[in-house]
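Numbering (our numbering), first residue to last: -4 to 153. Note that the Cβ used here is the ideal one computed from N, Cα and C, for glycine as well. What follows is a short report on a single structure.
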């Protein structure tokens, strides 16, 4: 039994370690039901379990959402595919632009404005896509980071 579980562990694909290293929101503007902002994200990818195997990441999607009373998607973007060698730490940066209109959702805008007035806005970030190893094994991955408190200067908009 030990040998079988050891063999399964050897061939099992391990997800990479992914950290959301930084989040910055700039130019946060609200007018009525309109919300605009730029969100700069930095992810750190690490592959400590991939002995002598390179990993490639594809179909990567990032969602930024507000984690107030309910999870409301604020913006989405795609990341370009990239490869990572074994035992390597890689930084991936992304810019997400919020230009959405929240029809009949002034409650969401008002709550985001209130949070900003208190010094921080709580958001969530989701990262998902596919990871493939050189032997052709692919697996879906998803990482959720929340709540992330993005600080604002007192009385400031950025």
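Across the structure, residue 50 and residue 88 are spaced so that their CA atoms are roughly 18 Å apart. Of all C-beta pairs linking the segment 112 to 119 to the segment 76 to 84, fewer than three are shorter than 8 Å, placing the two stretches out of contact. Counting along the chain, the unbroken beta strand (DSSP E) around residue 119 starts and ends at 115 to 128. In the DSSP assignment, the residues bridged to residue 40 are 13 and 85. Counting of Cβ neighbours within 10 angstroms places residue 27 among the exposed residues, the total staying below 16. In the DSSP assignment, residue 132 falls outside any alpha helix (DSSP H) and carries neither an H nor an E. DSSP lists 34 as the bridge partner or partners of residue 20. Secondary structure note for residue 47: it is in no beta strand (DSSP E), with a DSSP letter that is neither H nor E. 24 is the residue among 72, 42, 18 and 24 whose C-alpha sits nearest the C-alpha of residue 105. The shortest CA-to-CA distance from residue 146 to any of 21, 43 and 133 is the one to 21.
Straight-line spacing of the CA atoms in residue 82 and residue 125 works out to 19 Å. The shortest CA-to-CA distance from residue 32 to any of 119, 94 and 134 is the one to 94.
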